[in-house]
Amino acid sequence: MNIEYLGDKLKAARKSKNLTQKSLAERVGVKTRTVASYEQGSAYPSLEIFGKLCDTLNISADYLLGISDKMPLEMGGLTDEQMQLFFQLISIVEQFNNHNESKK
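Quick note on UniProt numbering: the sequence shown kicks off at 1 and runs consecutively.
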């Protein structure tokens, strides 16, 4: 595992959630400078903290370790109204697909 790669992925995931190093540190139970050292590639998180980072950032261990480049669909930053519109859009697409299937 490349420690610098882990740091880059961690930083990108944190920023995608609009979290500061301080807020991420508080959520996983470490100091702000500890998160900074993970992101800079000068330290590894423990397994316990690694798991908390993945859970907090809603990312897989594979993504953080560089095994997969797929980051999950991020919906945490959406407002309630945006979420409702998103689900309405999905419902409309499903209805359209069902209608087309019934015509066959």
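Positions of the beta carbon are idealized from the N, C-alpha and C atoms, including for glycine.
Reduced DSSP secondary structure (H/G/I, E/B, other) of residue i
i: residue 16; result: helix
i: residue 32; result: helix
i: residue 25; result: helix
i: residue 79; result: coil
i: residue 59; result: coil
i: residue 102; result: helix
i: residue 51; result: helix
i: residue 92; result: helix
i: residue 46; result: coil
i: residue 41; result: coil
i: residue 66; result: coil
Cβ-Cβ separation, residue j to residue i (assumed contact under 8 Å), whole Å
i: residue 35; j: residue 24; result: 5 Å
i: residue 19; j: residue 38; result: Residue 19 to residue 38, Cβ: 13 Å. No contact.
i: residue 49; j: residue 30; result: 6 Å
CB of residue i within 7 Å of CB of residue j, strictly
i: residue 5; j: residue 66; result: yes
i: residue 12; j: residue 57; result: no
i: residue 53; j: residue 28; result: yes
i: residue 32; j: residue 21; result: yes
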